[in-house]
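Chemist: Before I ask anything, here is the structure I am working with.
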Amino acid sequence: MSLPNMPSSKLSEHGSRAFESVSICHESDVCLLVLQVQHAAQHLGFNVVMATQLSTVASELAMNIVKYAGRGDVSWGQCEGAGRSGFELWAIDQGPGMADVALALSEHYSSRGTLGLGLPGTRRLVDEFSIDSQPGKGTRICIRKWLRR
Ligand SMILES: Nc1ncnc2c1ncn2[C@@H]1O[C@H](COP(=O)(O)OP(=O)(O)OP(=O)(O)O)[C@@H](O)[C@H]1O
Ligand SMILES: [Mg+2]
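First residue of the sequence shown? That's 3 in the numbering used here, and the numbers climb one at a time after it.
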């Protein structure tokens, strides 16, 4: 899977503006994040259903940060491409990373005995999903969802 650049370089490529960002280290951070992403997505023009899909994605990725990495950052903002506008979100941590990314993305795989639906579910809810994860180096996930015209 492709490795996207950090938000700053991606922003300059799209000529967009600075992303909002929050540190994630506790479930309470995830609750606040969900509200912020829902609000930001609706502010950018997504309807309630699509904004809820985005806040669900943010919740799944941030909960994974809490569960597997302990701490990390989630940032989000508007993206532009091919004459359309969308929502871009990054979940970045310096945790243990994944030994087998394909396995982690597969349906019902969980190293903690839970449902194993967070990552595959996230992929279904977005238009673009990219991940870079390496053992000992952490995990960076970027998603994009485009506004329907
Ligand atoms: N940020 C991360 N760092 C390291 N490993 C991760 C990270 N996120 C996910 N993983 C690994 O990928 C697996 C699958 O993640 P996924 O979110 O799909 O399922 P889950 O968290 O185990 O269960 P669920 O999200 O359904 O409660 C995890 O069990 C874990 O092994
Ligand atoms: Mg999960």
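Beta carbons: idealized from backbone N, C-alpha and C, even for Gly.
#1: To the nearest angstrom, how far is it from the Cα of Ala60 to the Cα of Val76?
#2: For Met8, which three-state DSSP category applies?
#3: Based on Cα-Cα distance, which residue from Thr116, Met100, Trp92 lies nearest to Ser57?
#4: Tell me, which residues are paired with Gly140 by DSSP?
#5: Would the segment 81–95 count as touching the segment 128–148 if we require 3 or more Cβ pairs under 8 Å?
#6: Using the Cα positions of Ala20 and His110, report the straight-line distance between them to the nearest angstrom.
#7: Work out the CA separation of Ser108 and His16 for me, nearest whole Å.
#8: Cβ of Asp75 within 7 Å of any heavy atom in ligand 1?
#9: At a threshold of 7 Å, does Glu62 count as lining ligand 2 (C-beta to nearest heavy atom)?
Modeler: Put simply:
#1: 8 Å
#2: Legend: pLDDT at Met8 = 39, less than 50; position of this residue unreliable, no value from coordinates given.
#3: With distances taken between Cα atoms, Ser57 lies closest to Trp92.
#4: Gln136
#5: yes
#6: 35 Å
#7: For His16, the pLDDT reaches just 36, beneath the cut-off of 50, and the residue's location in the model is therefore unreliable, leaving the point undetermined.
#8: no
#9: True, at least one ligand heavy atom lies under 7 Å from that Cβ.
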